[in-house]
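Colleague: Line order of the protein sequences matches chains A and B. So the first sequence is numbered by the working numbering: it starts at 21 and just counts up by one. So the second sequence is numbered by the working numbering: it starts at 358 and just counts up by one. First the structure, which I've put down as structure tokens, then a few questions once you've had a look.
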Amino acid sequence: MITIAVAKGRIWNEALPLLAELGLAPDNDANTNTGEESRRLILPTANPGVRLILTRAQDTPVFVACGAAQMGIAGGDILEEKQTADICQPLDLQIAKCRMVLAAPRGRENPAAGRPLAVATKYVNTARKWFAKKGAAANFIKLGGNMEIAPLAGLADAIVDLADTGKTLRDNGLEEKEKIADISAKLILNRVAARRQRKTLAQLQQRIAEAIAQRNRA
Amino acid sequence: MTRRGTLAATDALHPPGVCRTQMPMGKANTDPPRGAAGGIVCGNIRIFPPLFLMNPLPGHLGDMAPPLAERAERCRRRALDWLFAHSYRLFAPPLAEHLQALTAGDKTLDVDTFKMTDTLSGETLGLRADHTPQVLRFDRAARAENGNDGNDGVDNDDNRDGVRRYCYCGSVIRAHPPQPWKFREEIQIGAEIFGAPAPGGEMEIARAARGMLAAAGVGDLCVSLAHAGIVRALAAEMPEETRDEVLRRFSLRDADGVLAAAADDGNGKTLAKLCGIAGGEESLAEARAFLPPECQPALDELAFLRRELAREGGDAEVDFSDIGGYGYHTGAVFVFYAGGYVAARGGRYDRGESAVGFSVNLREIAEHLPPETRAAAVACPLAPDDEQWQQAVADLEKSGRRLRFVHNSEESPPPRLQKTKTGWRIQES
């Protein structure tokens, strides 16, 4: 049995068509036996040898690293931030694409004015690394979400967060100052499973890579 | 879904590498036993003491209760006996040492080392996070004292050819748990060989890892081989920061990441191609086709090692990206997987002198081994004034059978020592 951990939310939504192309769509009968939207987190698929588990985005690498899932689909932002050991990330799935950006209130060119920038972010490690590489001083305030409020409330000078269309930033009076990284969802493998079930996982990975290549050609 | 079904689903998800009985997370095992009797009863109210009194241990540190501790001890004895039989000398360094001697300049090891101030001298001490730097210190000191004539001061003639073999077994403590579900303390058992050139040294140490694990009762082993020397050679010209990032991406099998991190370095493409190659003899041939000539001897080493470890049906494969560990390896590296966990990790490194070694977390191994069935203990009622009883107990102790003295008049079920007309006899049933 292969268990694939998939991050809830946008990654799950965009991974579903890809999984369906591979014959790994969640089994709807098992999923919605009462007609209501199911809250089951372990889902069988059309392939009896494969099942899916739904995880919170930041937990997907942990489930894969500890061996609860042999394979996973996780966001590049989380993988970069957590740098979980005992996994490998052999394939960029090119779904759930967005950018990690530094954003600050619109029109404010030098928000910190002579002192280290106060940056609110969920991605403290990634942001710290980026600022260090630039040689810029900054202090980081870890927040769990809705980062855009921090500069408006005077909590921070700027934020480091994910942006897709940039609408949330604009609607909250912020603008993108610099792009930190392109982000997309990655296929991840448990290191032990990658060795012990090498052939099975390599075949599945190959099929996923071919499906992505076909999408890119279309 | 039935309750039974729910439990089965949870069980199926439970990874084999996670301790089931003793959760390492401080909070997880501090829940008071609300379903069972516990706490202090005051009238009709049951009061639970503060959580820190229920579990005084810091996070990610845990007791080893019986039978886990007994299983670990049995593994330790069998493993050390195997190593003794193969001429490894036991070395037992102190748990605390000067920080520099424990980290040997390794950044990762430095972050992982518990630090404290010695109130005796004011110096900064550390608790060891790995045995290897201490073995290196000992070997270096022994050689300085005794010269490099093949006698390292150890009172035997096992190392007349200049090859020194050491083994060790003891606790190592890390400042941070290696994973959120793991303990910070390991019982580390392992071995190091100094003075054995490649590829014979690698073969001997990998065979030792396999033999020792088998002796300890670990089965279903397979090995993954890689070569840190190839990766280091290809990344040698890169600036340090770039090299670190390229090696990290390489070990993740992240080909796109390697390319991006290497930027315009010519070897970036080679490394990106290499990190995805894994398998048997064919993967070595695939790598041989595009790796530069200076990497070919390393491939020969891997081919030799794979062939030797695959003898007698051994499962040995190459995975070029599997170069994990402390990052100090410089040559061939190996990882033994048992079931769903890493059983042993080792390889060649160079810290002033080239050596090979491996280590094993005995606690993790003991957690994965099936419980051993114990023969029932012979119940011995106390009759110390009876000379025949004294003799019967002495005979029983000599026989190696487990015995248990009975301190009350309650009749124990057999097997038990019982007084008969002809003296004390064991009643088996």
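Where a beta carbon is used, it is the ideal one built from N, C-alpha and C, also for glycine. The model shown is predicted, which means the values in this text are computed figures rather than measured ones.
When you compare only the Cα positions, how much space is there between B/L493 and A/I62?
Modeller: In a straight line, the C-alpha of B/L493 is about 49 angstroms away from that of A/I62.
Colleague: At what residues does the alpha helix (DSSP H) containing A/N236 begin and finish?
Modeller: It spans 218-237 - the alpha helix (DSSP H) in which A/N236 sits, taken as one unbroken run.
Colleague: Counting only beta-carbon atoms, is B/P535 nearer than 8 angstroms to chain A?
Modeller: True, the Cβ-Cβ gap to chain A drops below 8 angstroms.
Colleague: Considering only the beta carbon of each residue, do B/A532 and B/F471 sit closer than 8 angstroms?
Modeller: In contact: B/A532 and B/F471 (Cβ atoms closer than 8 angstroms).
Colleague: Taking only the alpha-carbon atoms, compute the straight-line gap between B/E754 and B/L760 and give it to the nearest angstrom.
Modeller: Roughly 8 angstroms between the two C-alpha positions.
Colleague: In chain order, what residues of the same chain lie with their CB nearer than 8 angstroms to the CB of A/I73, ignoring the 5 residues before and after it?
Modeller: Closer than 8 angstroms at Cβ, skipping near neighbours: T23, I24, A25, V26, L61, I62, L63, F83, A88, A89.
Colleague: Among the residues of its own chain, which have a CB less than 7 angstroms from the CB of A/D97, if the five just before and after it don't count?
Modeller: Cβ within range, chain order: M120, Y143, L182, I203.
Colleague: With burial defined as no fewer than 16 other Cβ atoms inside 10 Å of the residue's Cβ, what is the status of B/M473: buried or exposed?
Modeller: Exposed, by the Cβ-count rule.
Colleague: Closest to B/G614 by C-alpha separation, out of B/I544, B/D622, B/N624, B/V603, would be which residue?
Modeller: Of the listed residues, the one whose Cα sits closest to B/G614 is B/V603.
Colleague: Just confirm the distance between the C-beta atoms of B/T489 and B/G688, as a whole number of angstroms; I'd bet it's less than 8 angstroms.
Modeller: Their Cβ separation, rounded to whole angstroms, is 15 angstroms, which puts B/T489 and B/G688 out of contact at 8 angstroms.
Colleague: Take the Cβ of B/H417 as the centre, count every other Cβ of all protein chains shown within 10 Å, and call the residue buried at 16 or more, exposed below.
Modeller: Buried is the call here.
Colleague: Let me check understanding here. Comparing Cα to Cα, which of B/F540, B/M569, B/R720 lies closest to B/C524?
Modeller: It is B/M569.
Colleague: With distances taken from CA atoms, which of A/P46, A/A77, A/Q114 is nearest A/K206?
Modeller: Checked all of A/P46, A/A77, A/Q114; the closest Cα to A/K206 is A/Q114.
Colleague: Name, going along the chain, the residues of the region 105-119 of chain A whose beta-carbon falls closer than 8 angstroms to a beta-carbon of chain B.
Modeller: Residues passing the 8 angstroms Cβ filter: A105, D106, I107, C108, Q109, P110, D112.
Colleague: Let me know the beta strand (DSSP E) ranges lying completely inside the region 490-568 of chain B, each 3 residues or longer, listed in chain order.
Modeller: If we require 3 residues or more, the beta strand (DSSP E) runs fully inside the region 490-568 of chain B come out as 521-530, 542-551.
Colleague: Tell me which same chain residues have a C-beta within less than 8 angstroms of the C-beta of A/I161, skipping the five on either side of it?
Modeller: Once the five neighbours on either side are set aside, the close Cβ partners of A/I161 are A138, V139, A140, T141, A170, L175, A176.
Colleague: What does B/G633 touch in chain A if you count any residue whose Cβ is under 8 angstroms from its own?
Modeller: Under the 8 angstroms cutoff, chain A gives P110.
Colleague: Whose CA, out of B/A700, B/P728, B/F691, B/L414, lies closest to the CA of B/L582?
Modeller: Comparing Cα positions, the closest option is B/F691.
Colleague: With H, G and I counted as helix, E and B as strand and the rest as coil, what does DSSP make of B/G703?
Modeller: Note: B/G703 maps to strand in three-state DSSP.
Colleague: Could you tell me the distance, in whole angstroms, from the CA atom of B/L456 to the CA atom of B/D487?
Modeller: Using only the alpha carbons, I get a separation of about 12 angstroms.
Colleague: Near B/M382, which residues of its chain fall below 8 angstroms by C-beta distance, leaving aside the five closest residues on each side in sequence?
Modeller: Because the pLDDT of B/M382 is 43, which lies under 50, any placement of that residue in the model is unreliable, and the question is left without a value.
Colleague: Quick check on DSSP: helix, strand or coil for B/T363?
Modeller: Residue placement at B/T363 is poorly supported in this model, since its pLDDT is 35, which falls under 50; the coordinates still yield a value, given next. B/T363: helix per DSSP, three-state reduction.
Colleague: Step through the CB atoms of chain A and report whether any lies within less than 8 angstroms of the CB of B/L760.
Modeller: No, its Cβ sits nowhere closer than 8 angstroms to a Cβ of chain A.
Colleague: Determine, using beta carbons only, whether B/L656 and B/L641 come nearer to each other than 8 angstroms.
Modeller: Taking 8 angstroms as the Cβ cut-off, B/L656 and B/L641 qualify as a contacting pair.
Colleague: How many angstroms separate the CA atom of A/N159 from the CA atom of A/T188?
Modeller: Each residue's alpha carbon lies about 24 angstroms from the other.
Colleague: Please report the straight-line C-alpha distance between B/A499 and B/D518, rounded to a whole angstrom.
Modeller: About 16 angstroms.
Colleague: Say whether chain A places a C-beta atom closer than 8 angstroms to the C-beta of B/W538.
Modeller: Yes, B/W538 counts as interfacial toward chain A.
Colleague: Quick check on DSSP: helix, strand or coil for B/H764?
Modeller: If DSSP states are grouped into helix, strand and coil, B/H764 belongs with coil.
Colleague: Scan the region 203-227 of chain A for residues whose Cβ lies nearer than 7 angstroms to a Cβ of chain B and list them as they occur along the chain.
Modeller: Under the 7 angstroms Cβ criterion, the region 203-227 of chain A contributes V212, R215, R216, R218.
Colleague: Assuming B/V735 and B/P772 make a contact with CB atoms under 8 angstroms, what is their CB distance in whole Å?
Modeller: Yes, B/V735 and B/P772 are in contact; Cβ-Cβ is about 5 angstroms, under 8 angstroms.
Colleague: Run through chain B and tell me which residues come within less than 9 angstroms of A/V82, C-beta to C-beta.
Modeller: In chain order: Q536, P537, W538.
Colleague: Using a beta-carbon distance below 8 angstroms, is B/R645 in contact with chain A?
Modeller: So, not an interface residue.
Colleague: Quick one: what does DSSP say B/T378 is sitting in, helix, strand or coil?
Modeller: With a pLDDT of only 38 at B/T378, under 50, the local geometry of the prediction cannot be trusted, and no value is derived from it.
Colleague: Do B/R433 and B/C526 have their CB atoms nearer than 8 angstroms?
Modeller: Yes, they are a contact pair.
Colleague: Judging by CA-CA distance, which residue of A/A147, A/R190, A/A213 is the nearest neighbour of A/A201?
Modeller: When only C-alpha atoms are compared, the closest one is A/A147.
Colleague: Given this structure, state the Cα-to-Cα distance separating B/T730 from B/V580, to the nearest angstrom.
Modeller: Spanning the two alpha carbons is a distance of roughly 29 angstroms.
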